[in-house]
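> Dumping the structure here so I can ask a few things about it.
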Amino acid sequence: MTELPFKAIAVDMDGTFCGSDRSYDHQRFSKVLDELERRNIVFIPTSGRPLCRLEIDFEEFKDRLDYVADNGAVLAIKDKIVDKISFPFETVKQVCAYVKEHYPDNLRTITISGIENSYCLASQSEEQKAYSKYYYPNLKQIDDFENLPEDDYTKLNFHLLAKLIPEMERDFNAKHDQPIRITSSGWEDNDIIPQGVNKAEGLKQLLAILKIAPKDLVAFGDGLNDLEMLKLAGHSYAMENGNLEVKKIADHIAPPNTEMGVLAVLEEYLGL
Numbered sequence: 107m108t109e110l111p112f113k114a115i116a117v118d119m120d121g122t123f124c125g126s127d128r129s130y131d132h133q134r135f136s137k138v139l140d141e142l143e144r145r146n147i148v149f150i151p152t153s154g155r156p157l158c159r160l161e162i163d164f165e166e167f168k169d170r171l172d173y174v175a176d177n178g179a180v181l182a183i184k185d186k187i188v189d190k191i192s193f194p195f196e197t198v199k200q201v202c203a204y205v206k207e208h209y210p211d212n213l214r215t216i217t218i219s220g221i222e223n224s225y226c227l228a229s230q231s232e233e234q235k236a237y238s239k240y241y242y243p244n245l246k247q248i249d250d251f252e253n254l255p256e257d258d259y260t261k262l263n264f265h266l267l268a269k270l271i272p273e274m275e276r277d278f279n280a281k282h283d284q285p286i287r288i289t290s291s292g293w294e295d296n297d298i299i300p301q302g303v304n305k306a307e308g309l310k311q312l313l314a315i316l317k318i319a320p321k322d323l324v325a326f327g328d329g330l331n332d333l334e335m336l337k338l339a340g341h342s343y344a345m346e347n348g349n350l351e352v353k354k355i356a357d358h359i360a361p362p363n364t365e366m367g368v369l370a371v372l373e374e375y376l377g378l
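Residues in the sequence shown are numbered consecutively from 107, following the numbering used here.
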């Protein structure tokens with residue numbers, strides 16, 4: 107059996123592991139996972155998706171995987187959360203108030219991701235609610251974010267032109283004690299997370315628990331929020347459909363997500 111150059115695999119989901127229908131080939135993945143387990147290689151979905159969504163995505167495999175969810179804010183081994191970084195509750199309300207003041211037309215696009223429940227406004231469009239409900243299966247609706255219940259909130263997702271994000275981040279952080287970080291897919295879909303949180307930092311912590319060095323990690327990604335993760339990994343793949351900046355820093359280019367590029371690369375490594 108040929109020894110592989112990695113002991114762990116980190117995969118982004120949207121635009122990377124999943125096709126355009128947000129899913130993946132379960133039959134092919136099952137064969138890949140069987141072979142990875144035979145070789146004691148860990149598979150780690152590493153995504154902006156919350157843990158409750160990832161556990162649905164991998165329902166038939168969930169007790170065989172480890173997870174970095176909410177862009178690094180939530181870490182889980184099998185079905186147990188081992189670490190999480192959440193916002194101070196007051197910061198969540200401050201972010202909502204800031205968006206309401208400066209970008210009022212975008213307030214209804216906010217979804218707040220919590221460990222127990224996630225929340226959106228009841229006034230959110232039906233199209234946006236369907237989007238939010240898919241990515242946040244624990245979603246509840248409220249009339250006003252001022253009435254938000256207390257919880258461990260790890261992320262706020264909202265829509266805003268990517269070019270406006272640096273200005274918003276600088277301005278908010280200049281006016282508030284608790285800094286935030288905003289990551290963008292490169293389009294209008296953005297995640298607000300605690301400063302210092304990203305996929306790479308989450309992976310570092312998880313790999314330390316698993317006693318695996320970053321040099322023994324292979325990572326796959328397509329978007330700007332994958333940059334740190336790809337730089338961390340000893341071996342990195344950008345998807346053919348990925349952001350140009352991501353492709354520039356990756357060691358290799360994988361086939362596009364619409365062709366199940368991650369599975370194709372892993373099958374080649376494993377001789378499947």
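Just so it is clear, CB atoms sit at the ideal spot from N, CA and C, and this is done for glycine as well.
(1) Assuming Val368 and His341 are in contact, meaning their beta carbons sit under 8 Å apart, how far apart are those beta carbons, in whole angstroms?
(2) Quick check on Leu316: does DSSP put it in helix, strand or coil?
(3) What's the C-alpha gap between Phe123 and Leu336?
(4) Could you tell me whether the Cβ atoms of Asp328 and Asp118 are closer together than 8 Å?
(5) Starting from Arg276, trace the beta strand (DSSP E) both ways and give me its first and last residue.
(6) Just confirm the distance between the C-beta atoms of Phe177 and Ile299, as a whole number of angstroms; I'd bet it's less than 8 Å.
(7) When DSSP builds the beta bridges, which residues end up paired with Asp189?
(8) Can the beta-carbon of Thr260 be found less than 8 Å from the beta-carbon of Ile191?
(9) Could you have a look at Asn253 and say whether DSSP puts it in helix, strand or coil?
(10) At what residues does the alpha helix (DSSP H) containing Thr197 begin and finish?
(11) Just mark Gln301 as buried or exposed, buried being the case when its beta carbon has 16 or more other beta carbons within 10 Å.
(12) Looking at the unbroken beta strand (DSSP E) that takes in Arg287, where does it start and where does it end?
(13) Nearest by alpha-carbon distance to Asn331: which of Gly121, Pro111 and Glu109 is it?
(14) Answer yes or no: do Cys226 and Leu245 have a C-beta to C-beta separation smaller than 8 Å?
(15) What does the alpha-carbon distance come out to for the pair Asn347 and Ile286?
(16) Tell whether a beta-carbon distance below 8 Å holds between Ser231 and Pro156.
(17) What does a CB cutoff of less than 7 Å around Pro243 pick up in its chain, not counting 5 residues either side in sequence?
(18) If you compare alpha carbons, which of Gln200, Val198, Ala114 and Ala356 is closest to Leu171?
(19) Could you tell me the alpha carbon to alpha carbon distance between Arg144 and Ile318, rounded to whole angstroms?
Answer, in terms of the structure:
(1) About 13 Å; that fails the 8 Å criterion.
(2) helix
(3) The straight-line gap from Cα to Cα measures roughly 15 Å.
(4) yes
(5) Taken as a continuous stretch (DSSP letters only), Arg276 belongs to no beta strand (DSSP E), being part of the alpha helix (DSSP H) at Ile271 to Lys281.
(6) Per the sequence presented here, residue 177 reads as Asn, with Phe not at that position. Going by Cβ atoms, the distance from Asn177 to Ile299 rounds to 5 Å, so yes, they are a contact pair.
(7) Leu181
(8) In terms of Cβ geometry, Thr260 and Ile191 form a close pair [threshold 8 Å].
(9) Three-state DSSP puts Asn253 in a helix.
(10) That run of the alpha helix (DSSP H) goes Phe195 to His208.
(11) exposed
(12) Ile286 to Ser290
(13) Gly121
(14) With contacts defined by Cβ atoms closer than 8 Å, Cys226 and Leu245 form a contacting pair.
(15) Cα-Cα distance, rounded: 29 Å.
(16) no
(17) Cys158, Arg159 and Ile162
(18) Ala114
(19) The straight-line gap from Cα to Cα measures roughly 17 Å.
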